[in-house]
Structures are given as structure tokens and as C-alpha cells.
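Student:
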Amino acid sequence: DADANPPVRRVSDWDADRLAALAAEHDTPLYVQDLDRVRENCERLLSAFPDADVRYAVKAHTGRAVLEAVREAGLDAECASAGEVDRALAAGFGGDRLHYTAVNPPARDLDYVVDVAEREPGLTVTAGAVDTLDRLAERGYDGRLCLRVNPGVGAGHHAKVTTGSAPKFGVPYDRAAGVAREAAERFDVVGVHAHAGSGIDPDQLDSHRELVARMGDLALELTDPDPADADPLDLEYVDVGGGFGVPYREDDDPLDLPAVADATRDAVGDLRGLALAIEPGRYVVADAGVLLTRANTVKPTPEGTVVGVDAGMTDLLRPAMYDAYHPIRNLGGADGEPAPADRETESVAVAGPICETGDSFCTDRALARPARGDLLAIGVAGAYGYEMANQYNSRPRPAEVALADGEATVVRRRERLADLTTAEREADGTAETEV
Ligand code: LLP
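Under UniProt numbering, the first residue of the sequence shown is numbered 10, with each subsequent residue one higher.
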């Protein structure tokens with residue numbers, strides 16, 4: 010039922026009174042993540058891809074409550090680092106639901122993951138360079154391995170996140186079959202993998218289809234029961250990555266997920282029993298999160314009104330890093346001001362407290378005329394939001410509240426000033442408590 014589980018939740022769909030009450034109770038900036046919406050997003054993915062392995066790309070949001078919700082919904086976890094594997098284990102993912110994607114992995118991460126794999130032999134390592142295979146073998150690893158391939162075709166919302174055509178990622182396509190066959194002498198090669206990039210829009214579906222078709226061809230070549238030159242590999246799956254985009258602008262259409270699923274099936278062709286795997290991150294969590302921030306300064310300038318807020322690029326990096334658009338809604342609340350719906354609209358810039366010009370959420374944005382004390386909701390902030398937050402300008406990271414079944418729970422407390430210096434104080438022995 011599309012009404013019960015719509016393909017997109019807009020910032021205007023959130024309950025303004027609820028958000029205002031949360032900001033009043035927990036202060037701002039505040040991340041709010043709705044676990045019910047996370048579950049809905051998982052359900053839409055599972056029903057569009059009913060016979061695929063769906064692996065949540067944990068990097069989009071590693072909060073424990075989110076990981077648990079995703080695990081309960083039935084998705085696997087795709088992890089990019091030892092830290093992500095550690096979090097996924099803590100959230101209850103067993104080895105058979107863990108996929109570690111090693112990109113130029115630090116030795117410490119390989120040591121950790123090889124150790125985990127000894128205890129959890131179902132874990133799969135995805136590797137995209139012969140050196141990585143050698144480094145795994147040097148550590149005695151001979152377990153499940155998936156070969157990451159550079160498909161030579163990419164897509165994404167920004168060049169910085171278009172991976173499929175970037176030489177950093179994966180073994181070049183025309184060498185992949187040879188590397189996979191060699192790898193099979195040392196590991197249990199179970200799959201091939203490629204990832205086009207992040208934030209694939211409806212108009213980039215041709216690139217997605219091309220990637221999928223190439224991966225389907227590769228899998229068939231490797232599993233060909235009657236090859237001229239080599240024995241077939243016993244692959245389990247073809248992983249075509251994540252990247253499904255979500256609408257950030259209010260008038261953007263959502264991806265037609267069932268159509269994407271059909272196109273994917275069509276492009277991959279007959280897999281002769283191999284499973285199809287996908288790795289969505291953003292799609293699972295993006296529209297389940299908002300960042301609440303309070304306007305503290307409203308300044309008229311010759312170039313227009315600048316609204317200063319207490320969240321900055323440290324809390325939500327995407328606008329500064331990728332010129333990303335995030336919808337913003339004025340929820341009101343300033344003393345003596347009418348409700349936002351009764352105010353005129355004004356085109357404003359919204360900027361944070363950090364000493365960089367790039368610390369700006371938008372320019373020329375039409376909002377219900379903001380006043381000092383208003384609460385603003387920055388929408389579609391659930392993916393790569395808290396996850397990319399940092400402490401630049403010595404700013405403690407925000408708190409995060411999770412909503413589930415109508416209950417609100419603080420799942421990450423607001424950082425304090427003392428958190429900024431913990432590592433320093435532990436290094437010089439002046440920390441009162443070891444964390
Ligand atoms: N699989 C692999 C191997 C990946 O590297 C990624 C994302 C995904 C899956 C999930 O992609 P998604 O479905 O979330 O688009 N910080 C950037 C996004 C970086 C994504 C990196 N890799 C942003 O805020 O747009």
C-alpha cells in the first residue's frame with residue numbers, strides 16, 4: 010500500500026510540534042532519526058528486490074539503533090572498515106551477514122577482520138587489488154572472498170562520489186576474470202562486486218544498467234560450465250553495489266524502485282542460479298533523519314538576509330563538501346512571531362557558526378521569513394549526516410534522538426567540551442577517566 014509506505018518522506022511530512030518539543034527538551038543542534046521510517050525503507054527495498062541479497066552500506070549511518078533496526082528488517086551489513094565491522098557485530102550481525110569491503114585497508118583493519126573471520130567464518134571480504142589479496146593471504150586468510158571490479162562506468166550525485174569509473178576502486182574490468190581465477194587458488198571466491206557511485210538519479214539509470222550488464226557477463230564467463238580455458242568458479246552472487254538516489258529537492262521525483270529492480274534484473278540477464286546482491290546505504294536512512302537547528306542571528310545585508318544557525322558544516326558536511334542541496338523548513342517558535350504559515354516568504358541564506366565561507370547550508374532559499382529563535386529543520390539528513398560530523402572549530406558533536414513506535418530515545422548524548430580533549434588528556438596522563 011503506497012500510502013502506508015510512500016517512496017519518499019519530505020521535510021514537510023514531519024510533525025512540527027513533535028520536532029519542536031524534541032528541540033526544546035534536548036537542545037540544538039539535534040539529529041532525529043525515525044527508526045520506523047528506516048524499517049519502511051528496508052521493506053520497500055526487500056519487496057522491490059524480493060530474491061536479491063540486500064546489504065545495508067553501514068557507512069551511511071552507523072548508529073547502533075539504526076543497525077539493529079536494519080538487522081531486524083533482514084538486511085545484511087556491508088562494512089568499509091574495522092570500526093564498521095565492530096559496530097555491526099555489536100548490533101548483532103553474525104559473520105554470515107557481514108561483508109567487509111577492503112579499499113586500501115590499513116594493516117590494523119586487516120588484522121582485525123581476519124581475526125573476526127576466524128571466529129565468524131561466514132564473513133566475506135571484498136577486495137579490489139591484487140596487493141590486498143596478497144596481504145590477506147599473508148595473514149593466513151583463506152576464507153570467503155568477493156572480487157571488487159572496476160566496471161569502467163560510474164554514476165553519482167557528484168564527481169567525488171562517482172566510484173565506478175575511478176581507478177582507485179576495484180580490479181580493472183578486463184583483468185578481473187584472470188584475477189578471480191588466480192584468487193580461487195587461495196580463497197573461497199564467492200562473488201564479484203562493483204559499485205557505480207552514490208546518489209544515482211533517475212536520469213543516470215543507463216549507467217547503472219551498463220554496470221549491471223557487465224557484471225552479469227563477467228559472472229557468466231567465470232561460471233561457464235564449459236569453458237575453453239579454465240574450470241568454472243563456484244560463485245554465489247553478483248553484487249552490483251548501492252547508490253540508489255533519494256530526492257533532496259522538494260519537487261524531485263523519487264526513484265521508481267520496482268522499475269529500477271526490473272531494469273537491474275533485465276540487465277544482469279540469466280544468472281544461472283547466482284544470486285543478485287545490492288548495497289544501498291542512503292536509500293535506507295536518508296529521509297528518516299532531520300537535523301534541527303536554532304536561528305540565533307538574522308542579519309540584513311545588501312546581498313540579502315543571512316540567517317545564522319547553531320548547526321554548521323561540522324554537523325552536516327554535505328553542502329560544504331559536495332554543494333549538496335538539503336531542504337530546509339522553518340518550524341517557527343521565535344518569541345512574538347506568527348506561525349510560519351502566516352508569515353511572508355523571504356529568500357535567505359542560512360549559515361553556520363564556523364569560520365569558513367563554505368559553512369553555509371544554502372543561499373537564496375525561500376523560507377517563511379525567519380526570526381531569531383526560530384527552529385529550522387534540515388531535511389533528508391539521515392544519511393552521511395551525523396556520520397560525517399566532526400569536531401572542527403572545537404565543536405562537540407550534536408546529540409541524536411531515535412524515534413520508534415512513538416517513543417523518543419536519546420541514542421547519542423551531546424558531546425561535551427571535555428570530549429574534545431579526551432585523547433590529549435589520555436596521552437599526557439591527565440585524563441581523570443579512561444574512555
Ligand atoms: N557500496 C559501496 C562499496 C560503497 O562505497 C557505497 C558508498 C555504498 C555501497 C552505498 O552507497 P549509497 O547507497 O549510500 O549511495 N558521503 C557521500 C556518499 C559517499 C558514499 C560512499 N560509498 C555523500 O554524502 O553523498
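Built from N, CA and C at the ideal position, the CB exists for glycine as well.
1) If I follow the unbroken alpha helix (DSSP H) through His217, where does it start and stop?
2) Using a threshold of 8 Å, state whether the C-beta atoms of Leu145 and Val123 are closer than that.
3) Output the distance between the C-alpha atoms of Val187 and Glu194, rounded to the nearest integer angstrom.
4) With burial defined as no fewer than 16 other Cβ atoms inside 10 Å of the residue's Cβ, what is the status of Gly321: buried or exposed?
5) Note down, in chain order, each residue of its chain lying with its Cβ closer than 7 Å to the Cβ of Glu443, except the 5 sequence neighbours on either side.
6) Kindly examine ligand 1 and report whether one of its heavy atoms sits closer than 7 Å to the Cβ of Thr110.
7) Note down the Cα distance separating Ala360 from Glu245, rounded to an integer number of angstroms.
8) Could you pull out every residue in the same chain whose Cβ sits closer than 7 Å to the Cβ of Leu429, ignoring the five residues on either side in sequence?
9) Using 8 Å as the threshold, is the C-beta distance between Ala61 and Leu285 below it?
10) Does the stretch 381–396 come into contact with the stretch 64–78, if we say contact requires no fewer than three beta-carbon pairs (one atom in each stretch) closer than 8 Å?
11) For Val162 versus Ala205, is the C-beta distance shorter than 8 Å?
12) Can you have a look at Cys364 and say buried or exposed, based on whether 16 or more other CB atoms are within 10 angstroms of its CB?
13) Give me, in chain order, the residues of the same chain whose beta-carbon lies closer than 6 Å to that of residue 456; leave out the 5 immediate sequence neighbours on both sides.
14) Determine the burial state of Ala126: buried for a count of at least 16 other Cβ atoms within 10 Å of its Cβ, exposed for fewer.
15) Please specify which runs of the alpha helix (DSSP H), each continuous and at least 4 residues long, are wholly inside the stretch 255–292, giving them in chain order.
16) DSSP three-state call for Gly345: helix, strand or coil?
17) State whether the stretch 92–109 contacts the stretch 321–340, with contact taken as three or more CB pairs (one from each stretch) at a distance under 8 Å.
18) With a threshold of 7 Å (Cβ to nearest heavy atom), would His204 be considered close to ligand 1?
19) Are there 16 or more other CB atoms within 10 angstroms of the CB of Ser56, so buried, or fewer, so exposed?
20) Span of the beta strand (DSSP E) holding Asp43?
21) Does the distance from the CB of Val293 to the CB of Cys51 come in under 8 Å?
22) Looking at the secondary structure, which residues open and close the alpha helix (DSSP H) in which Gly187 lies?
23) Using C-beta distances below 6 Å, list every residue in its chain close to Thr302, excluding the 5 sequence neighbours before and after it, in chain order.
24) Per DSSP, what kind of secondary structure is Val94 in: helix, strand or coil?
25) Does residue 8 come out as helix, strand or coil in the three-state DSSP assignment?
26) Between which two residues does the beta strand (DSSP E) containing Arg421 stretch?
27) Have a look at the DSSP bridge pairing and note the partners of Cys364.
Tutor: Concretely, from the data shown:
1) Counted from its first residue, the sequence shown places residue 217 at position 208. Annotation: the continuous alpha helix (DSSP H) that includes His217 extends over Leu214 to Thr232.
2) To locate residue 145, count along the sequence shown from 1; it is residue 136. To locate residue 123, count along the sequence shown from 1; it is residue 114. Yes, they are a contact pair.
3) Residue numbering aside, residue 187 sits at position 178 when the sequence shown is read from its first letter. Residue numbering aside, residue 194 sits at position 185 when the sequence shown is read from its first letter. It is Gly, not Val, that sits at residue 187 in the sequence shown. Rounded to the nearest angstrom, the gap between the Cα atoms of Gly187 and Glu194 is 12 Å.
4) What you label residue 321 is simply residue 312 of the sequence shown in a count that begins at 1. Answer is buried; the Cβ neighbour count reaches 16.
5) For the purposes of this step, residue 443 is taken as the residue at position 434 of the sequence shown. Bear in mind that the predicted position of Glu443 carries a pLDDT of just 49, short of 50, making it too unreliable to give a figure here.
6) Taking the sequence shown and counting its residues from 1, the one referred to as residue 110 is at position 101. At a threshold of 7 Å, Thr110 counts as near ligand 1, since its beta carbon sits closer than that to one of the ligand's heavy atoms.
7) Indexing the sequence shown from 1 puts residue 360 at position 351. Indexing the sequence shown from 1 puts residue 245 at position 236. The straight-line gap from Cα to Cα measures roughly 49 Å.
8) Residue 429 sits at position 420 when you count from the first residue of the sequence shown. Answer for Leu429: Gln400, Ser403 and Pro405, listed in chain order.
9) Your numbering for residue 61 matches position 52 in the sequence shown. Your numbering for residue 285 matches position 276 in the sequence shown. Leu285 is positioned such that its CB atom lies closer than 8 Å to that of Ala61.
10) Remark: three or more beta-carbon pairs, one from each stretch, lie closer than 8 Å, so the stretch 381–396 and the stretch 64–78 are flagged as touching.
11) As a working mapping, residue 162 is identified with position 153 in the sequence shown. As a working mapping, residue 205 is identified with position 196 in the sequence shown. Closer than 8 Å, so yes.
12) Residue numbering aside, residue 364 sits at position 355 when the sequence shown is read from its first letter. With a threshold of 16 other beta carbon atoms within 10 Å, Cys364 falls short and is exposed.
13) Since the first residue of the chain shown is 10 and the last is 444, residue 456 is not available in this structure.
14) Numbered from 1 along the sequence shown, position 117 holds the residue referred to as residue 126. The residue in question, Ala126, is buried, as its Cβ has 16 or more Cβ neighbours within 10 Å.
15) Runs of alpha helix (DSSP H) with 4 or more residues, each lying fully within the stretch 255–292, are found at 266–277, listed in chain order.
16) To locate residue 345, count along the sequence shown from 1; it is residue 336. Shown here, Gly345 sits in coil according to DSSP, grouped into three states, outside any helix or strand.
17) The stretch 92–109 vs the stretch 321–340: no contact.
18) Your numbering for residue 204 matches position 195 in the sequence shown. Annotation for His204 indicates a beta carbon within 7 Å of some heavy atom of ligand 1.
19) For the purposes of this step, residue 56 is taken as the residue at position 47 of the sequence shown. It is exposed - the Cβ of Ser56 has fewer than 16 other Cβ atoms within 10 Å.
20) Along the sequence shown, one-based indexing puts residue 43 at 34. From DSSP, the beta strand (DSSP E) with Asp43 extends over Leu39 to Asp43.
21) The sequence position of residue 293 within the sequence shown is 284, counting from 1. The sequence position of residue 51 within the sequence shown is 42, counting from 1. Going by beta carbons, Val293 and Cys51 fall inside the 8 Å limit.
22) Here residue 187 corresponds to residue number 178 of the sequence shown, with the count starting at 1. Per DSSP, the continuous alpha helix (DSSP H) segment holding Gly187 begins and ends at Tyr182 to Ala192.
23) Translated into the one-based positions of the sequence shown, residue 302 becomes position 293. Correct list, in chain order: Thr37, Pro38, Val318, Asp319, Ala320 and Leu385.
24) As a working mapping, residue 94 is identified with position 85 in the sequence shown. Here Val94 sits in helix by DSSP.
25) Outside the shown range of the chain, which is 10 to 444, sits residue 8, and nothing can be said about it.
26) As a first step, residue 421 is located in the sequence shown; it is residue number 412 there, counting from the start. In the DSSP annotation of this structure, the continuous segment of the beta strand (DSSP E) that includes Arg421 starts and ends at Glu416 to Arg421.
27) Working through the sequence shown from its first residue, we reach residue 364 at position 355. None; Cys364 has no bridge partner.
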